[in-house]
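The sequence shown begins at 54 in my numbering and counts up one residue at a time. Glycine is no exception: its CB is placed at the ideal position from the N, C-alpha and C atoms. Inspection log for the structure reproduced underneath, given as structure tokens.
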Amino acid sequence: MPEYSALEGFAPSAGARAPRARLRSDAPTLNLNGTWRFRLSPEVSEDFGDTEYAGAGGFETPDFDDTSWADLPVPAHWQLHGYGAPAYTNVNYPFPLDPPFVPDENPTGEYRRAFDLPEGWPEGGGAVLRFDGVDSFFRLWVNGTEVGFATGSRLVSEFDVGHLLRAGRNVLAVRVHQWSAASYLEDQDMWWLSGIFRDVTLLSRPVDGIEDVTVVADHDHTTGAGTLRVDVTGFTGARVHLPELGLSDLEPGVAHPVEKVEPWSAETPRLYEAEVVTPGERVRLRIGFRTVAIEDGELKVNGRPLLLRGVNRHEWHPDHGRAVSRETMREDVLLMKRHNVNAVRTSHYPPHPDFLDLCDELGLWVVDECDLETHGFEVVDWRDNPSDDPRWRDAYLDRIRRTVARDRNHPSIIMWSLGNESGRGRNLRAMADWVHEHEPSRPVHYEGDRDSAYVDVYSRMYPDHAEVESIGRGEEPVTEDPEADEHRRSLPFVLCEYAHAMGAGPGGLEEYQRLFERYPRLVGGFVWEWIDHGIRRREPDGTEWFAYGGDFGEVLHDGNFVADGLLLPDRTPSPGLTALARTFAPVRFTVAPRAATVTVENLLTFTDTSHLAFDWEVAEEGEVFGGGSLRVPVIAPGGRVEVPLPEVPRGGGAETWLTVTAHLADDLPWAVSGHEVAWGQAPLVDRGPVPERAPAYPLLDGGGLRLGPGLFDVRTGRLLTVGGLDVGEPRAGVWRVPTDNDEGLHGMGLAPFWRGLGLDRLTERRVAVDVADDALEVRTRLAPAARDLGLDVTYRWTADAETLWLDLTVTATGEWICPLPRLGIDLTVPGALGAVEWFGRGPGEAYRDMAQGVRIGRFTDTVDGLQTPYLRPQENGRRIGTRWLELWDEAGSGLRIQGDPEFEFTARRWSDHGLDTARHPHELVAGDRVHLRVDTDHHGVGSASCGPGVLPAHGLVAGNHRLRAGFTRLRG
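The structure is reproduced here in structure tokens:
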């Protein structure tokens, strides 16, 4: 087929083998990863025999001279090795919507790989060349003979090549095009990256070998028995062996009862080693017995309803893109398990098969998603969407067949997903029908057609809490097609995407989780998403940073919307992941100090708590002075017990907290003994009132007014120093540099309202400065230009000999159409005060609606360490529930701030303006002052970057507010 005809045609492949499972065989294989010869041309030549590029005979001929070409590793994306540039779009296609045609400017990479068959390679039988992933269209030659072409970038393609191999030197030639008709089916929210980015393998195929294997291993939860059926194609005399269960010489294609089996689940990923044997080949299998069913509107495995505590996972590495190593995949799974994640949706394509092996081994529920998305057609109201165009039917069916065929033997997979955001249409229904006919053991998922007539679960992305609750009650609106309504109301409901984890956030996780637990119909969901897709860059001086959309000169891009993960690109957990781990914790504690009890609830579905140990500790002002083991009986799945608190020693009368924890009693494959999985806290002794000391009185001191340790400007009433320390004339402030969720790119953001009102440019007018016998009171009006609303502010300063106290009251006046970002005072201190200690919630960042991940304690850090380096600089690093804070220099000199009763703070080496104007963290320039915000409250963060905003309970309404804080000079 001519190159252009195939590139812009509807056929998914030519010359490729029928899809099959990925098998672990003892037949010889040859790994063809490594260094290939490579060249890139900017477009597809009409005639690939042109002398400029092909030379005599063309690049595919074995004797072609490629000495002028470059080296390129395989697997890899060529854009990450200096050929072309990455480009990021979320929805929009980076080329005209003119299916199936693609631009003439179509970067085309040509690859060559010479190899010798290893010694002992079988002479009989055949050979298969397997490509695990090539983006987006490739054509293959072996020793100068064209073999075929394939599409489906994240799908395996295999070709028979045995008849083309020869002793001695063999040459593979592969031509890869960035754009093809298939690109219209691959508009996933990710970087556009090209090339051979997954493994290339040559597999020997014995004459008496095994072509394919299908495993169906069911479990009957009522009896504990299993049923095993192994279908084998290839040699007709194959036999199946599973020695651990005493099974040998089993006939394939027959359901064999097994008296007792240990079932597989994500909590107990029990695998049995089996073999399929023929005279020419042995194939090893790892079998997990489990049954997936939908009963009474619930998703069940082995008879028990599931609650999915999931994340969406794109494959990503900041240096290698989607060419991800097994070590990185394992790191992902371990991080998920250690943060109490139990499920993953493979957004939006089947992952590298090694990832599924790890899910089988370590235990994660998987929704395996087909490599399909046509989201960009939504921009034109879904006109010409391939999902409803019969010319694309074969390509759609080809993609789901290849997904199911490769992955069907993985017990971790509990749902097939047809794809993502591809609108509606007959081709999607055809995919679902095919799965129901050929692989009915798992439900079918697809979110894009809300009527859900041909799927088995009702799925949505980013509904708010109220809508989720209405669905849980079965009170959602009727379907567009009335005939589908009864069917949809019978389905379990899953949030395939929620809690968009972009920048600071996401908020509202706890409230979603309580809904999932309350309504049986709600299966849970998958937070968007696992990792920021930042690309690592290095400045000439070695400074590292991570690029996002637009950093490579793209004309059309979606900026940092590609940075919306729970991990930063280098796999550093974000504060959002810490909060998520607490929400997803498998054990919940309710500490009741007055009743002297702790209620311990096991939230696991299949596992009791025998693998856990429980501890307690008691701390006064964060200093631990007692602790030990907490005796908790083994709790059955879903059970709870109430146990007495231990005899707690008495402290000195200051604020005292009891903390209880659950941790692994022994090493498990995913974490070592002692790994904490859950915690709870309660106060034993509340904080007492601030002691009253003899008041200080205002005194004129040279050109200023002194009140205790504070020195004020006598005319303006502005605070100048505390104990001689310059504090930058503190004043009331409400502005915070907007987070991605405040900006609300695909939700109802508040930042446009804040900027529209001028909250980033407030001016303060002095109303009065009054000196009383024991206080200084300054009244001001804080307001933006061109508006008649504002804030009436009163600073009331009092003091004793050591501490200067501020009683700040703020009253909003006028018509406020939005909440406040924050409310407190803004001050600065010398940059030398870089060490930080506080008693309050920590150790990490938190906000009102994502505070579940931080606990009361005493913590130390540095000003630099308080920052969270989100890819786009924004509000970050807030510590909440602070009783006192100290900042000091190397000599121990500094400032102490205490709350009455508490406050929140951020501390940075740059101003709000610097934070707001920087596009990347490495562009932030540290000044000679620490910018300190001491707040009474703040507005939550929500997840309006793509989804709902902040729940009313976590909003900061303009009204009456008060902050009381004391300032004490620390001297080294």
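- Proximity to L698 across A506, D509, A649, L919 peaks at A649, based on C-alpha coordinates.
- Annotated three-state conformation of T769 is coil, per DSSP.
- DSSP places W807 in the helix class (H, G or I) of the three-state scheme.
- In this structure, the straight-line span from the alpha carbon of E654 to that of V640 is close to 6 Å.
- For G763 and V547, the gap between their C-alpha atoms comes out near 58 Å.
- When the beta-carbon positions are compared, R819 and V831 come within less than 9 Å of each other.
- By the Cβ rule, the stretch 577-593 counts as touching the stretch 548-565, because three or more pairs are nearer than 8 Å.
- Here the stretch 439-450 does not lie against the stretch 363-382, with fewer than 3 beta-carbon pairs under 8 Å apart.
- Linking G681 to N395 through their CA atoms gives a straight-line distance of about 30 Å.
- Annotated three-state conformation of S627 is coil, per DSSP.
- For W89, same chain residues with a beta-carbon under 7 Å away, outside a window of 5 residues either side, are L125, V127, Y164, R165, R166 in chain order.
- Shown here for V738: same chain residues with a beta carbon closer than 8 Å to its own, the five before and five after excluded, namely E673, G704, G706, A707, E708, T709 in chain order.
- Classified as buried, K390 has 16 or more neighbouring CB atoms from the shown chains inside 10 Å of its CB.
- Counting of Cβ neighbours within 10 angstroms places R591 among the exposed residues, the total staying below 16.
- Beta-bridge partners assigned by DSSP to D754: G757.
- Around the Cβ of V730, a 10 Å sphere holds 16 or more other Cβ atoms; the residue is buried.
- Rounded to the nearest whole angstrom, the C-alpha separation of T204 and V187 is 8 Å.
- E422 and Y402 have their C-alpha atoms spaced approximately 5 Å apart.
- For the 9 Å CB-CB criterion, P791 and V1010 do not form a contact.
- DSSP links S94 through a beta bridge to T161.
- For K353, the uninterrupted beta strand (DSSP E) segment begins and ends at 351-354.
- A contact between stretches requires three or more CB pairs, one per stretch, nearer than 8 Å, and the stretch 875-884 meets this requirement with the stretch 967-984.
- In the structure shown, the three-state DSSP call for V983 is strand.
- Pairing P358 with T142, the inter-Cα distance amounts to about 38 Å.
- For T959, the enclosing beta strand (DSSP E) begins and ends at 947-961.
- For D517, the number of other beta carbons within 10 angstroms of its own is at least 16, and it is reported as buried.
- Among the bridge pairs identified by DSSP, R77 is matched with R337.
- When the beta-carbon positions are compared, Y146 and G429 come within less than 9 Å of each other.
- Bounds of the beta strand (DSSP E) holding T142 are 140-142.
- For P744, the number of other beta carbons within 10 angstroms of its own is below 16, and it is reported as exposed.
- Around E492, the same chain offers V457, R461, W469 as residues with beta carbons nearer than 8 Å, after the five sequence neighbours per side are excluded.
- With contacts defined as CB atoms closer than 9 Å, L753 and V775 fail to qualify as a contacting pair.
- Distances from the CA of L450 to each of L425, G341, G1025, A67 were compared; the closest alpha carbon is that of L425.
- In this structure L83 touches P171 by the C-beta definition: roughly 6 Å separates them, less than 8 Å.
- The bridge partners DSSP lists for R192 are F202, R228.
- DSSP lists no beta-bridge partner residue for Q132.
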